[in-house]
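A.B. asks: Questions regarding the structure given below will be posed in turn.
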Amino acid sequence: MATAISLSARVPTVLKASEKRTVAEASNVTELAFSRSFRVNSSPKVSCKPVKGTKASRCVATRAAIATEKPPTDSASKGKSKIRIGINGFGRIGRLVLRVALDRPDVEVVGINDPFIDTDYMAYMFRYDSSHGTYPGDVHAESATAINIDGQSIAVFGKRDPAEIPWGEAGVDFVVESTGVFTTVAKAEAHIKAGAKKVVITAPSADAPMFVMGVNDEKYLPTMNVVSNASCTTNCLAPLAKVVHEEFGILEGLMTTVHAVTATQKAVDAPSAKDWRGGRGAAQNIIPSGTGAAKAVGKVLPALNGKLTGMAFRVPTPDVSVVDLTVRLEKGASYDEIKAAIKAASEGSLRGYLGYTEDDVVSTDFLGDPRSSIFDAKAGIALTPNFVKLVSWYDNEWGYSNRVIDLVEHMVAVAVADGGN
Numbered sequence: 004m005a006t007a008i009s010l011s012a013r014v015p016t017v018l019k020a021s022e023k024r025t026v027a028e029a030s031n032v033t034e035l036a037f038s039r040s041f042r043v044n045s046s047p048k049v050s051c052k053p054v055k056g057t058k059a060s061r062c063v064a065t066r067a068a069i070a071t072e073k074p075p076t077d078s079a080s081k082g083k084s085k086i087r088i089g090i091n092g093f094g095r096i097g098r099l100v101l102r103v104a105l106d107r108p109d110v111e112v113v114g115i116n117d118p119f120i121d122t123d124y125m126a127y128m129f130r131y132d133s134s135h136g137t138y139p140g141d142v143h144a145e146s147a148t149a150i151n152i153d154g155q156s157i158a159v160f161g162k163r164d165p166a167e168i169p170w171g172e173a174g175v176d177f178v179v180e181s182t183g184v185f186t187t188v189a190k191a192e193a194h195i196k197a198g199a200k201k202v203v204i205t206a207p208s209a210d211a212p213m214f215v216m217g218v219n220d221e222k223y224l225p226t227m228n229v230v231s232n233a234s235c236t237t238n239c240l241a242p243l244a245k246v247v248h249e250e251f252g253i254l255e256g257l258m259t260t261v262h263a264v265t266a267t268q269k270a271v272d273a274p275s276a277k278d279w280r281g282g283r284g285a286a287q288n289i290i291p292s293g294t295g296a297a298k299a300v301g302k303v304l305p306a307l308n309g310k311l312t313g314m315a316f317r318v319p320t321p322d323v324s325v326v327d328l329t330v331r332l333e334k335g336a337s338y339d340e341i342k343a344a345i346k347a348a349s350e351g352s353l354r355g356y357l358g359y360t361e362d363d364v365v366s367t368d369f370l371g372d373p374r375s376s377i378f379d380a381k382a383g384i385a386l387t388p389n390f391v392k393l394v395s396w397y398d399n400e401w402g403y404s405n406r407v408i409d410l411v412e413h414m415v416a417v418a419v420a421d422g423g424n
């Protein structure tokens, strides 16, 4: 039975001045509690991290049910110029990126393009989410060309060709390209021809610069107009690999991701000419699959290029996945030493991106967790000081969607520091 407790919402919330906590105070996440009431079905876990470019902190509670009220926005952000975002493709990631954006005071989604969804259905799909719960605010179709969320009107377009989307007329600065179709620089640049300034691709790209927040985001340059946020699995693996390689040296490694189902899979056996196993029923099977996530780590961490590869098992769960990384180390270390290094990074340079737990956790404990990767200290094992298996969890939908907006914010911060706007 649900009970009312005092906690922050699952979505990231910029805290009021009276609610701010220092990083040191926030290190014990179980101590955090705030004065907003939500109905939950399980004990939430809270994490905090500084908001880049501001003095605020963002704290998040993972919860199983839905907020009974929408978290208030930071009044200090009112009147300031916001980053204007357009979303192309209103699938799983597109909708969750919108949820994240609505709670960031420095960003505003002003346009959505999807040629396959009308506004009534768009409002319905945004309101109801089987994994992340019902949106607590007001959502309705304003017209055939706009939806309204909590009083904010968002223009809706239905163009198949990105070059025809009127991003310029809508005043869009950044396009979140979440169709999974326009993943090369040439294809994504159509959004810029349509009036946008920058494009963030929510998938790996063959030729666009690829960034993982906390790992190589410092390599971003203001001259880069089309970038990739990599994949959800690369976002989980890269922070872990970064710490282990910097501390102990990775000679070579194999990764397996036990991955939740995705929308491209089949509910029951169905034709899938390019991927025969992928055509088997997602709810009935554990399905071996390919993934480029491990190799992609070499793009964001060049020192590991050619040293990692991996595969996936698709399993019949709706959300939350886990990475199993088995590596041979250059510098031998005890498992306790490896744990200590990862914990230190999770509390320091990678705070908010890399987490650490010694609890007896299972996958649903990470539903709604905004971090990219949460190291499971109890799940890993060491055969020798130079050969170890490391395990890290990730909400492949919610954590990744948070990183998309983080990357947009980072790109703007770099431009401002460089003298742009």
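Numbered according to the working numbering, the sequence shown spans residues 4 to 424.
We treat Cβ as the ideally placed atom computed from N, Cα and C, and that holds for glycine.
Computed from a prediction, not measured in an experiment: that's the story for all the values here.
Looking at Asn219 and Val303, is the spacing between their C-beta atoms short of 8 Å?
C.D. replies: Yes, they are a contact pair.
A.B. asks: Do the segment 353–366 and the segment 286–296 touch if we need at least three Cβ pairs shorter than 8 Å?
C.D. replies: Output reads no: the segment 286–296 does not touch the segment 353–366.
A.B. asks: Going by DSSP, which residues form a beta bridge with Leu410?
C.D. replies: None; Leu410 has no bridge partner.
A.B. asks: Can you list the beta strand (DSSP E) stretches of 3 or more residues lying completely in the segment 316–396, in chain order?
C.D. replies: Entirely contained in the segment 316–396, the beta strand (DSSP E) runs reaching 3 residues are, in chain order, 324–332, 357–360, 376–379, 384–387.
A.B. asks: Cα-Cα, which of Phe160, Gly140, Val179, Val112 is closest to Ile96?
C.D. replies: Cα-wise, what sits closest to Ile96 is Val179.
A.B. asks: Check the C-beta distance from Val428 over to Val407 and give it rounded, since I have them as a contact under 8 Å.
C.D. replies: Because residue 428 is not part of the residues shown, which for the chain are 4 to 424, the question remains open.
A.B. asks: Per DSSP, what are the beta-bridge partners of Gln428 in this structure?
C.D. replies: Here the chain covers residues 4 to 424 and nothing more, so residue 428 does not appear.
A.B. asks: Cβ of Ala166 within 8 Å of Cβ of Ala191?
C.D. replies: No, the pair does not count as a contact, with Cβ atoms beyond the cut-off.
A.B. asks: Using CA coordinates, which residue listed in Ser337, Val326, Arg374 is at the minimum distance from Thr259?
C.D. replies: Nearest option by C-alpha distance: Val326.
A.B. asks: So which of Leu105, Arg102, Val159 has the shortest CA-CA distance to Tyr124?
C.D. replies: Of the listed residues, the one whose Cα sits closest to Tyr124 is Val159.
A.B. asks: Please report the straight-line C-alpha distance between Asp368 and Gly114, rounded to a whole angstrom.
C.D. replies: Cα-Cα distance, rounded: 33 Å.
A.B. asks: Counting Cβ pairs, one atom from each stretch, are 3 or more of them under 8 Å apart for the segment 247–265 and the segment 275–284?
C.D. replies: The answer is no - the segment 275–284 does not touch the segment 247–265, with fewer than three Cβ pairs under 8 Å.
A.B. asks: According to DSSP, is Gly284 part of a helix, a strand, or is it coil?
C.D. replies: It is a strand residue.
A.B. asks: Going by the DSSP bridge assignment, what does Phe160 pair with across the sheet?
C.D. replies: Answer by DSSP bridge pairing, in chain order: Asn116.
A.B. asks: In angstroms, rounded to a whole number, what distance separates the CA positions of Leu332 and Lys381?
C.D. replies: Roughly 20 Å separates the two Cα atoms.
A.B. asks: Nearest to Asp106 by alpha carbon, out of Leu353, Ala126, Asp153, Ala418?
C.D. replies: The candidate whose alpha carbon is nearest that of Asp106 is Asp153.
A.B. asks: Can you give me the Cβ contacts of Ile289 inside the same chain, cut-off strictly under 6 Å, excluding the 5 residues immediately before and after it?
C.D. replies: So the qualifying residues of the chain are Phe316, Val318.
A.B. asks: Helix, strand or coil, according to DSSP, for Thr425 in the structure here?
C.D. replies: A question about residue 425 goes unanswered here, because the residues of the chain that appear run from 4 up to 424.
A.B. asks: Within 10 angstroms of the Cβ of Asn116, are there 16 or more other Cβ atoms? Answer buried if so, exposed if not.
C.D. replies: With 16 or more other Cβ atoms within 10 Å, it is buried.
A.B. asks: In angstroms, rounded to a whole number, what distance separates the CA positions of Gly383 and Lys342?
C.D. replies: Distance between the alpha carbons of Gly383 and Lys342: 9 Å.
A.B. asks: Using only alpha-carbon positions, find the residue among Ala266, Tyr223, Pro305 that is nearest to Gly183.
C.D. replies: When only C-alpha atoms are compared, the closest one is Ala266.
A.B. asks: Evaluate Gly89 with the Cβ neighbour count: other Cβ atoms within 10 Å of its Cβ, from every protein chain shown; 16 or more gives buried, anything less gives exposed.
C.D. replies: Its Cβ being crowded by 16 or more others within 10 Å, Gly89 is buried.
A.B. asks: Give a yes or no on contact between the segment 98–112 and the segment 401–420, applying the rule of three or more CB pairs nearer than 8 Å.
C.D. replies: As far as the Cβ criterion goes, the segment 98–112 touches the segment 401–420, which means the pair count is three or higher.
A.B. asks: Classify Arg467: buried if its beta carbon has 16 or more other beta carbons within 10 angstroms, exposed otherwise.
C.D. replies: The chain is shown from 4 up to 424; residue 467 falls before or after that span and cannot be answered.
A.B. asks: The beta strand (DSSP E) spanning Arg98 covers which residue range?
C.D. replies: Not the beta strand (DSSP E): Arg98 falls in the alpha helix (DSSP H), residues 95–105.
A.B. asks: Does Gly183 come out as helix, strand or coil in the three-state DSSP assignment?
C.D. replies: Looking at Gly183 - three-state DSSP - the assignment turns out to be coil, as it is neither helix nor strand.
A.B. asks: From what residue to what residue does the beta strand (DSSP E) around Asn91 run?
C.D. replies: Here the beta strand (DSSP E) through Asn91 covers 86–91.
A.B. asks: What residue from Trp401, Ala286, Gly422, Val419 has the CA that sits closest to Asp132's CA?
C.D. replies: Cα-wise, what sits closest to Asp132 is Trp401.
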